[in-house]
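Residue numbers (my numbering): 1 to 327. Just so you know, even glycine gets a beta-carbon here, dropped at the ideal spot from N, CA and C.
Below you can see the structure in the form of structure tokens.
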């Protein structure tokens with residue numbers, strides 16, 4: 001059952017969301033997927049957080065301290081921070097699991113309240129870090145059907161959504177399987193399918209690759225990208241794994257001790273070593289190689305993806321050949 005009963009507490013049938021043609025509410029820019037891409041954002045944010053503070057009863061300081069951020073339709077955003085930075089706490093506010101000490105969360109311009117909480121949860125789905133906290137039904141099919149059933153959808157629509165969600169995550173044929181017999185990666189896919197079946201406009205994923213082997217991690221990240229590109233779903237992904245960020249994110253928020261320290265493109269964030277040190281983060285492995293080359297006196301630009309690194313190295317080799325010919 002993909003959406004547990006939380007302390008807060010349109011039944012319209014629809015298809016998977018399509019990529020919007022409303023350019024006023026989308027990110028505009030070129031078709032490039034480069035990690036340094038700059039976006040012009042306009043329209044009402046699909047998610048907005050204003051002066052958000054949260055404090056757990058057993059702590060003397062805020063777990064979140066005056067967080068302000070906006071996320072626009074269609075964006076892929078990474079929330080980066082060390083363990084204990086406040087990533088999970090922030091995400092639980094975006095779905096109404098936690099209530100703020102002060103401040104507010106707005107979904108498509110509307111403040112989240114007890115009255116509209118159900119509507120907000122249908123707009124923003126959350127995938128927890130540990131799928132065992134979310135995948136609880138006796139079978140995969142029942143778990144994915146849990147959310148649509150609670151939305152009051154007719155049986156044939158629930159069945160259609162379950163079928164399509166299973167196809168999307170690549171688990172067709174797993175309907176009768178017991179979740180506790182699945183691998184960690186498969187359980188993560190079931191959790192994602194349960195949220196997809198509810199047709200949210202936004203999905204937030206808390207450490208989606210945590211505890212997975214490299215192959216399972218790659219499969220989950222590939223699915224996440226497909227959800228954005230093919231279905232137009234706005235995505236927020238939290239992680240402390242800096243190597244994942246350049247391949248997923250168009251935009252990065254950096255959290256440290258409950259404060260939002262930075263908001264920029266991956267290239268902007270990873271070009272600021274002081275920021276990374278302050279947030280107890282490191283450069284991606286690819287970037288570390290280029291930093292070492294710079295320290296050896298080579299005139300190279302720091303790159304953060306394998307593709308960009310390849311181009312930079314080929315350019316460096318080409319310049320070397322030209323220099324040899326001149327000599």
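In the displayed model, residue 263 falls within a strand according to three-state DSSP. A distance below 8 Å separates the beta carbons of residue 86 and residue 63. With fewer than 16 other beta carbons inside 10 angstroms of its own, residue 297 counts as exposed. Between residue 234 and residue 202, the beta carbon gap of about 4 Å places them in contact (Cβ cut-off 8 Å).
Boundaries of the alpha helix (DSSP H) harbouring residue 290: 285 to 295, taken from the DSSP string. A straight-line Cα-Cα distance of about 44 Å links residue 93 and residue 313. Distance from residue 88 to residue 51 at the Cβ level is roughly 20 Å; contact not present, criterion being Cβ atoms closer than 8 Å.
Within a 10 Å sphere around the beta-carbon of residue 265 sit 16 or more other beta-carbons, which makes this residue buried. Counting of Cβ neighbours within 10 angstroms places residue 229 among the exposed residues, the total staying below 16. Secondary structure note for residue 67: its beta strand (DSSP E) is the uninterrupted segment 64 to 71. By the Cβ neighbour-count rule, residue 207 is buried, with 16 or more other Cβ atoms within 10 Å of its own. In this structure, residue 249 lies near residue 76, with their beta-carbon atoms less than 8 Å apart. For the pair residue 164 and residue 141, the CB atoms are not nearer than the 8 Å cut-off. Annotated three-state conformation of residue 211 is coil, per DSSP. A distance of 8 Å or more separates the beta carbons of residue 267 and residue 224.
Using a Cβ-Cβ distance cut-off of 8 Å, the stretch 154 to 169 and the stretch 111 to 120 are not in contact, since fewer than three pairs of beta carbons, one from each stretch, lie closer than that value.
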